Amino acid sequence: MFVKFIALILFTLLIMLVNLCLGDLSVAPIEAIKAVFGYGSSEIHDVIVGIRLPRLLTAFIVGLALATSGYLLQAISRNDLADPYLTGVSSGAAVGVACAMLCKLDFQTIPFFAFIGGITASFLVASIARGNGRYGVSVAKLLLAGIALSSVAGALITLAMSTFGTQLMAQGLYLWILGGISGRNWQELLPTTGYVAVGFIVALAAAKQLNLLTLGEETASSLGLNVGRSQLIILSAAVLLASSAVALSGMVGFVGLVAPHLSRRLFGRGARLQLVCSGLTGAILVLFSDLLARTLSPGQELPLGTLMALIGGPFFIYLLSYSLDQVHSH
Amino acid sequence: MPSVNQGKILKAEHVGLRYASKGNQATNIIEQINLTLEPGEVLAIQGPNGSGKSTLMKGLARQLKPSAGTISLDGQDIWNMSIVDFARQIAYVPQSLETPNDMTVYELVRLGRNPHQNWWSNQLSKADIATIDSALERCGLTRLSTKKLNELSGGERQRALIAMALAQEPHFILMDEPTANLDFRYQLEVIAIIKELKEQKIGIATILHDLNLSARIADQIALIGCLSKTIGDKNIADSSPSPSPSTIVAIGTPQEVLKEDLLRAVFDVELAFVRDDKNNLDLYVPISISKKFLYQKNPPP
Numbered sequence: 000m001f002v003k004f005i006a007l008i009l010f011t012l013l014i015m016l017v018n019l020c021l022g023d024l025s026v027a028p029i030e031a032i033k034a035v036f037g038y039g040s041s042e043i044h045d046v047i048v049g050i051r052l053p054r055l056l057t058a059f060i061v062g063l064a065l066a067t068s069g070y071l072l073q074a075i076s077r078n079d080l081a082d083p084y085l086t087g088v089s090s091g092a093a094v095g096v097a098c099a100m101l102c103k104l105d106f107q108t109i110p111f112f113a114f115i116g117g118i119t120a121s122f123l124v125a126s127i128a129r130g131n132g133r134y135g136v137s138v139a140k141l142l143l144a145g146i147a148l149s150s151v152a153g154a155l156i157t158l159a160m161s162t163f164g165t166q167l168m169a170q171g172l173y174l175w176i177l178g179g180i181s182g183r184n185w186q187e188l189l190p191t192t193g194y195v196a197v198g199f200i201v202a203l204a205a206a207k208q209l210n211l212l213t214l215g216e217e218t219a220s221s222l223g224l225n226v227g228r229s230q231l232i233i234l235s236a237a238v239l240l241a242s243s244a245v246a247l248s249g250m251v252g253f254v255g256l257v258a259p260h261l262s263r264r265l266f267g268r269g270a271r272l273q274l275v276c277s278g279l280t281g282a283i284l285v286l287f288s289d290l291l292a293r294t295l296s297p298g299q300e301l302p303l304g305t306l307m308a309l310i311g312g313p314f315f316i317y318l319l320s321y322s323l324d325q326v327h328s329h
Numbered sequence: 000m001p002s003v004n005q006g007k008i009l010k011a012e013h014v015g016l017r018y019a020s021k022g023n024q025a026t027n028i029i030e031q032i033n034l035t036l037e038p039g040e041v042l043a044i045q046g047p048n049g050s051g052k053s054t055l056m057k058g059l060a061r062q063l064k065p066s067a068g069t070i071s072l073d074g075q076d077i078w079n080m081s082i083v084d085f086a087r088q089i090a091y092v093p094q095s096l097e098t099p100n101d102m103t104v105y106e107l108v109r110l111g112r113n114p115h116q117n118w119w120s121n122q123l124s125k126a127d128i129a130t131i132d133s134a135l136e137r138c139g140l141t142r143l144s145t146k147k148l149n150e151l152s153g154g155e156r157q158r159a160l161i162a163m164a165l166a167q168e169p170h171f172i173l174m175d176e177p178t179a180n181l182d183f184r185y186q187l188e189v190i191a192i193i194k195e196l197k198e199q200k201i202g203i204a205t206i207l208h209d210l211n212l213s214a215r216i217a218d219q220i221a222l223i224g225c226l227s228k229t230i231g232d233k234n235i236a237d238s239s240p241s242p243s244p245s246t247i248v249a250i251g252t253p254q255e256v257l258k259e260d261l262l263r264a265v266f267d268v269e270l271a272f273v274r275d276d277k278n279n280l281d282l283y284v285p286i287s288i289s290k291k292f293l294y295q296k297n298p299p300p
């Protein structure tokens with residue numbers, strides 16, 4: 000277990016280094032590390048510290064946030080197919096971001112608007128999925144409500160942009176929605192990192208509550224857990240994480256689905272362990288996808304969201320068809 | 000570790016409960032429930048399907064708020080207690096539990112310590128570990144503690160759920176059909192555990208379908224049913240869950256409650272009674288569905 004965990008951390012560092020080195024201008028690892036610490040030529044320094052390092056950290060933050068958000072949503076809905084993208088939370092956050100952009104608000108406030116949009120969406124979806132059942136949510140309803148909400152959200156964004164926005168703005172928003180992390184600078188990165196840190200710490204503090212909730216609401220409450228309050232706190236943390244990621248990188252799907260699954264297989268259960276491991280797994284996934292996005296076709300960049308969908312979509316179908324019945328055992 | 004349980008009384012007074020089951024279909028309504036449960040006592044709840052036994056259980060387990068009356072522990076309304084305080088005194092064993100795929104017996108049972116721990120802490124104290132070990136041992140699970148729950152038999156799973164409840168060190172344990180879907184042997188295992196808990200002065204309320212098992216372990220039997228339905232009964236098909244309210248038709252010792260006329264009226268069946276002198280038992284055997292039967296005697300107050 001411990002060895003696996005160390006391996007995970009080393010692998011994360013390794014892929015970060017690779018991301019730092021590879022690109023249109025390839026840099027030797029030692030040069031790259033030198034540049035990060037302020038040594039070496041100024042040309043390399045500009046590329047590494049000015050462009051690649053913020054991009055790398057963005058990828059790391061986005062991956063970690065989406066994966067832990069997915070893990071949290073899966074835990075509170077007791078449904079292994081939950082993910083911020085599939086449940087419509089990301090779409091809700093995107094509406095929030097679009098509104099903030101339309102109103103030409105400061106970038107610092109964008110994660111806040113994303114959160115408002117995300118939490119609204121999550122309440123809508125949760126109330127639909129819960130339906131008449133007093134306890135628990137229906138898997139099918141959760142996903143269908145997510146799809147429906149995403150469609151409405153997409154339509155709202157398009158409508159708002161075509162009515163109020165300039166063409167330039169619409170273009171920018173379109174690129175952002177496709178999911179990308181290029182051109183993020185330190186001013187955009189730092190405040191969002193703060194939001195992600197808050198969400199992550201809240202989630203870590205709620206590890207015990209997460210473990211209890213895996214037994215279902217009824218049993219968790221008979222073990223002395225205030226179920227409603229715990230769910231609200233955990234959901235808020237999940238939405239904060241997901242909407243921060245959306246504010247930073249647009250709609251990148253499936254990280255929140257794939258990463259917790261991989262991490263569960265590799266590292267076992269337990270909420271605190273899972274939060275850290277699926278967070279790192281998610282970071283690796285996004286770092287790897289971003290590496291592909293930058294290097295697959297030289298001189299041109301593929302949208303990150305598109306690549307993630309290529310990887311995550313089939314994985315989702317596999318989960319749907321193969322392991323849905325085995326999600327929980329009676 | 001037997002709980003010190005002197006003087007605790009779980010009491011329901013004039014309790015009414017409403018529970019809309021899934022799909023907005025039948026609404027279970029039970030009314031005027033009066034019962035008391037004392038330490039070391041076993042209360043068996045009996046009644047036909049849909050009569051509201053589980054609803055009553057949910058009420059006692061503080062999962063469903065009464066629409067009338069009060070349920071109190073030691074004179075204090077259970078809804079005025081904190082949820083943690085309640086969980087330290089009353090444990091609930093569900094009929095079955097969906098657990099994550101690879102959860103082990105030990106991982107499940109240790110969650111029973113939750114009401115005794117800080118809200119943030121996952122760490123087990125020495126006392127926690129001793130309590131968990133004792134709970135596992137009392138349920139015969141010591142050797143299986145590292146096994147995954149989905150590798151267990153139905154009987155072992157049920158015992159794991161009881162062990163989790165024991166880890167709460169409660170004064171009372173409420174069980175929702177602990178013998179459902181178990182074969183004879185496993186049913187008897189559960190019964191043996193209940194008997195042992197009784198000796199340790201834990202009060203137990205349990206739903207049991209088997210009249211003979213109830214008669215053997217219960218100090219009190221509460222028979223839940225809906226008599227208005229039986230009066231003027233025209234059609235057997237009517238005996239499906241109905242929206243008319245149920246209540247406790249009879250409560251008392253097995254000898255007082257398990258009477259031919261009462262059972263016939265509540266369950267709509269003809270029963271045969273067989274005397275087993277060797278084991279000093281009265282055995283009840285359902286023979287056939289009763290034809291029109293009118294229950295006229297007033298239920299005992």
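Quick note, the sequences are listed as chains P and F, same order.
Residue numbers for the first sequence follow numbering that gives the first Met the number 0, beginning at 0 and rising by one.
Residue numbers for the second sequence follow numbering that gives the first Met the number 0, beginning at 0 and rising by one.
Quick reminder that beta carbons are idealized off the backbone N, C-alpha and C, glycines included.
What you are looking at is a predicted structure, and each value in this text was computed from that prediction instead of being measured.
- Taking 8 Å as the cut-off, the beta carbon of Phe114/P is found closer than this to the beta carbon of Leu239/P.
- Contacts between Arg268/P and chain F, judged by CB atoms closer than 9 Å, involve Pro99, Asn100, Asp101, Met102, Glu106 in chain order.
- A direct Cα-Cα distance of roughly 11 Å separates Cys98/P from Leu172/P.
- For Gly154/F, the CB contacts under 6 Å within the same chain, skipping 5 residues up- and downstream, are Leu181, Tyr185, Glu188 in chain order.
- Taking a Cβ-Cβ cut-off of 9 Å, Gln75/F has no neighbours in chain P, whose nearest Cβ is about 16 Å from it.
- Residue-level contact by beta carbon holds for Gln62/F and chain P, with a gap shorter than 8 Å.
- Going by C-alpha positions, Ala34/P is about 18 Å away from Thr57/P.
- Glu150/F counts as exposed, since fewer than 16 other beta carbons sit within 10 angstroms of its beta carbon.
- Taking CB atoms only, Val83/F has a neighbour in chain P less than 8 Å away.
- Pro93/F sits away from Arg268/P, with the two beta carbons spaced by 8 Å or more.
- Cys20/P and Trp118/F have their C-alpha atoms spaced approximately 45 Å apart.
- Out of His44/P, Pro110/P, Leu256/P, the CA that lies nearest to the CA of Thr191/P is found in Pro110/P.
- Rounded to the nearest angstrom, the gap between the Cα atoms of Leu52/P and Thr218/P is 46 Å.
- Following the DSSP letters along the chain, one finds Ser243/P inside the alpha helix (DSSP H) bounded by residues 226 to 248.
- Listed as beta-bridge partners of Ile223/F by DSSP are Ile247/F.
- At a C-beta separation below 8 Å, Asn210/P has these neighbours in chain F: Leu110, Asn121.
- Interface flag for Ala204/F against chain P is unset, since no Cβ pair is found closer than 8 Å.
- The alpha carbon of Asn78/P has as its nearest neighbour, out of Thr280/P, Ala152/P, Leu141/P, the alpha carbon of Leu141/P.
- Going by C-alpha positions, Tyr38/P is about 14 Å away from Gly49/P.
- Where Thr205/F is concerned, the enclosing beta strand (DSSP E) starts and stops at 202 to 206.
- Annotated three-state conformation of Pro28/P is helix, per DSSP.
- Among the residues facing chain P, Asn27/F is not included, as its CB has no counterpart in that chain under 8 Å away.
- Distance from the Cα of Leu318/P is smallest, within the candidate group Asp82/P, Ala64/P, Val285/P, for Asp82/P.
- Proximity of Asn33/F to chain P, defined by a Cβ-Cβ separation below 8 Å, is not satisfied.
- Here Ala166/F is near Thr130/F, since their CB atoms are less than 8 Å apart.
- The three-state reading of DSSP puts Tyr283/F in strand, counting E and B together.
- The C-alpha of Leu96/F lies about 12 Å from the C-alpha of Arg158/F.
- Residue pairing for Ala271/F: DSSP places it in a beta bridge opposite Val284/F.
- Under the Cβ criterion (8 Å, minimum of three pairs), the segment 262 to 277 of chain P counts as touching the segment 0 to 7 of chain P.
- Near chain F, meaning a CB-to-CB distance below 9 Å, the residues of the segment 191 to 215 of chain P are Ala204, Ala205, Ala206, Lys207, Gln208, Asn210, Leu211, Thr213, Leu214, Gly215.
- Under DSSP, Leu36/F takes part in a beta bridge, and its partners are Leu9/F.
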